[in-house]
Amino acid sequence: MPELHLTKDVKASFPPRFQRPSWLGTALFALFLGFFLWSLAGAGMSIGDLVRGLPNMGTIAGEMFPPATDRAGPIMEAILVTFQMALVGTVIGVVLSIPMALLAGRNTSPHPLVRHVTRSIISFLRTVPDLAWALFFVVSVGLGPFAGTLTIIVDTIGFCGRFFAEAMEEVDPGPSEALDSIGTSPLDRIAVVQIPGALPSMINTSLFSLEKAVRSSVVLGLVGAGGIGAELAVSMEMFRYDQAAYIILMIFILVYAVEHLSSRLREGLMHQSK
Amino acid sequence: MTSLASPLLQQAVVSDQSTASSLQVQGLTKRFHGTTAPVFKNVCFNIYKGQSVALIGANGAGKSTLLRCCVRLIEPDEGNILLSGETLSSKKGRELKKARNRVGFVFQKHCLVPRLSALTNVLHGNLAHRSGPRNWSQCWARQVDRDRALHYLDQVGLADLWHKRCDQLSGGQAQRVAIARALMQEPSILFADEPTASLDPKSGQVIMELFAKLSRAQNLTLFFVSHHVEHALHYADRIIGLRDSELQLDCASGTETTVSLRGFYA
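Going line by line, the protein sequences match chains B and A.
So for the first sequence, numbering that gives the first Met the number 0 puts the first residue at 0; every next one is plus one.
So for the second sequence, numbering that gives the first Met the number 0 puts the first residue at 0; every next one is plus one.
Here is the structure:
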């Protein structure tokens with residue numbers, strides 16, 4: 000190893016291996032730690048309850064096997080409705096998200112005020128939980144899959160609207176500048192630069208949104224918004240854990256199939272050119 | 000032009016002084032916010048129809064800014080610009096866009112839409128004149144426009160790659176597609192901002208030869224920025240140069256040599 004020679008000046012100012020944390024940083028970390036420990040109590044974390052609950056878990060799990068297929072027909076029908084709700088809700092939500100994203104994007108919005116208002120609407124749609132939207136729509140339009148579909152539409156706009164806008168903002172500005180230099184209209188530039196540029200990310204987000212919608216449409220049934228959730232709630236309430244196991248298995252197959260298909264579709268669509 | 004002090008400065012050479020001006024730049028000055036020194040000041044020159052003019056200068060001399068100011072992609076602080084005799088400085092909105100559609104622009108990076116095919120990217124040159132979905136994609140384009148787009152791709156030697164996505168083309172091929180897009184626009188003047196800067200020397204030469212061939216064949220006015228003194232000497236009729244915020248060089252390319260022009264960068 001060659002001998003290293005350092006000048007005296009450099010040695011004197013050699014940086015320490017670790018930096019002393021600031022008072023503010025230390026205080027904030029202590030505050031976080033205190034709040035976390037307090038939250039453990041607030042969250043009802045109890046090892047004793049967990050241990051006491053283990054035999055019950057074992058009993059329920061035991062009763063789940065073998066899964067009961069006596070109501071296979073109605074369950075399959077409910078699974079199909081669940082998927083249809085998710086598909087229709089996602090497609091309509093994605094279509095409505097595109098204009099919302101164009102109004103919310105920094106480089107596509109016609110005016111900063113329009114952008115801020117649209118962003119606020121999208122944030123509101125996203126931050127209100129889907130279960131709250133489902134309760135709202137069940138009361139508004141009645142029990143059934145329509146309420147669930149409306150919930151998924153709203154949830155999809157909140158999710159896709161934000162990510163579509165961000166995808167359009169991240170598009171390389173070069174092609175847009177090139178077309179601007181020859182006097183093209185903003186609408187043309189959005190159609191030929193922003194949308195094709197953001198398309199891979201938009202496809203990803205849409206397919207992820209479909210997966211998310213399938214999962215959430217299962218839960219929506221619990222509050223009467225249609226789909227397989229209602230069947231699951233009834234089975235659990237009637238202590239038919241074997242039937243519940245069959246429903247859970249069907250939900251797993253549906254979610255897995257949608258995830259698998261969406262990733263295959265994603266790969267196929269990415270490699271197409273126009 | 001009283002501000003021109005360099006010994007390299009000569010009388011601007013115009014092959015035919017009676018030819019109409021394609022671009023007239025009068026007293027153009029640009030300062031960026033927060034800086035006191037101008038990027039360039041009181042720049043004046045004329046480019047005549049069919050002429051090929053190279054703009055040279057060191058890094059940061061303001062060449063690209065000057066080129067962009069000529070079509071008001073960057074707003075100049077002072078001065079006047081006339082494009083084919085029409086004042087550009089006073090135009091706004093739709094009028095400015097209409098004036099710009101006669102100017103083709105080729106950038107250092109090709110600035111193509113990566114996911115779209117070469118043919119669709121060339122077709123986008125048509126958007127300068129005709130807006131709407133029929134010029135968004137070759138799938139929906141009028142047959143006459145598809146034929147024209149393919150013709151320009153053929154002129155740059157890439158007709159057989161019309162279906163290729165632009166992110167699958169090499170740097171040189173992509174730059175040729177960008178030239179075809181500019182030609183599709185049927186411009187009266189073609190601006191090129193260091194079109195060979197991101198290419199290897201051989202591809203760069205191919206691109207410059209293509210520019211020279213096409214501008215001669217179509218009597219197209221060409222105004223290009225270049226770092227390559229050899230390109231300026233070989234492919235331009237006339238060379239202008241920015242140094243110390245001023246236009247200090249304006250000469251016919253035939254009167255200079257590589258060595259004398261390199262002195263301009265000193």
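The C-beta atom is built at its ideal place from N, Cα and C for all residues, glycine as well.
- Using a CB distance cut-off of 8 Å, VAL70/A counts as an interface residue toward chain B.
- Apart from sequence neighbours up to five positions away, the residues of its chain that approach THR68/B with a beta-carbon distance below 7 Å are TYR245, ordered along the chain.
- In the structure shown, ASP144/A falls within a helical segment according to DSSP collapsed to helix, strand and coil.
- Beta-bridge analysis with DSSP links ARG214/B to no other residue.
- Non-local C-beta neighbours of PRO73/B in its own chain, meaning closer than 8 Å and more than five positions away in sequence, comprise GLU230, ordered along the chain.
- Residues of the region 40-69 of chain A with a Cβ closer than 7 Å to any Cβ of chain B: none.
- Here the region 256-268 of chain B does not lie against the region 36-50 of chain A, with fewer than 3 beta-carbon pairs under 8 Å apart.
- Contact between GLY56/A and VAL38/A is absent: CB atoms are separated by about 11 Å, not below the 8 Å threshold.
- Within the region 14-72 of chain A, the runs of beta strand (DSSP E) at least 3 residues long that lie entirely inside it are, in chain order, 20-29, 39-47, 51-56.
- At a cut-off of 8 Å, the C-beta of ASP129/B has no neighbouring C-beta in chain A.
- In the three-state DSSP reduction, GLU168/B falls in the helix class (H, G or I).
- Nearest CB-CB separation between VAL192/B and chain A: below the 8 Å threshold.
- Between the region 131-149 of chain B and the region 190-206 of chain B, the count of Cβ pairs shorter than 8 Å is below three; the stretches do not touch.
- Beta-bridge partners assigned by DSSP to ILE188/A: VAL102/A, THR220/A.
- Assignment of beta-bridge partners to ALA251/A by DSSP yields ARG237/A.
- Taking 9 Å as the cut-off between beta carbons, the residues of the region 173-190 of chain B near chain A are GLY173, PRO174, SER175, GLU176, ALA177, LEU178, ASP179, SER180, ILE181, GLY182, THR183, SER184, LEU186, ASP187, ARG188, ALA190, in sequence order.
- By the neighbour-count definition (other C-beta atoms within 10 Å, threshold 16), PRO20/B is an exposed residue.
- Contact of LYS97/A with chain B by beta-carbon distance below 9 Å involves GLY182.
- For PRO195/B, the nearest beta carbon of chain A is closer than 8 Å to its own beta carbon.
- With contacts defined by Cβ atoms closer than 8 Å, PHE222/A and VAL105/A do not form a contacting pair.
- Shown here, ARG19/B sits in coil according to DSSP, grouped into three states, outside any helix or strand.
- A contact is defined here as three or more CB-CB pairs under 8 Å, and the region 174-193 of chain B fails this definition with respect to the region 52-66 of chain B.
- Below 8 Å, too few C-beta pairs join the region 220-236 of chain B and the region 175-190 of chain B to call them touching: fewer than three.
- Here DSSP, grouped into helix, strand and coil, assigns SER122/B to helix.
- If you look at LEU81/A, you'll find it in the beta strand (DSSP E) that goes 77-82.
- When the alpha-carbon of GLY253/A is set against those of ILE178/A, LEU241/A, LEU126/A, ALA235/A, the nearest one is in ALA235/A.
- Per the Cβ contact rule, the region 90-101 of chain A is not in contact with the region 138-147 of chain B (fewer than 3 Cβ pairs under 8 Å).
- LEU101/B has a beta carbon lying at 8 Å or more from every beta carbon in chain A.
- Where GLU76/B is concerned, the enclosing alpha helix (DSSP H) starts and stops at 71-103.
- Interface with chain B (8 Å Cβ-Cβ cutoff): ARG114/A is included.
- The alpha-carbon separation between ALA140/A and THR257/A amounts to approximately 47 Å.
- Here GLU193/A carries a coil assignment [DSSP, helix/strand/coil].
- Listed along chain A, the residues sitting closer than 7 Å to LEU198/B by beta-carbon distance are ARG114.
- For HIS226/A, no chain B residue has a Cβ inside 8 Å of its Cβ, as the nearest lies near 19 Å away.
- Taking 8 Å as the threshold, the shortest C-beta distance from TRP135/A to chain B falls below it.
- Boundaries of the alpha helix (DSSP H) harbouring ILE46/B: 46-63, taken from the DSSP string.
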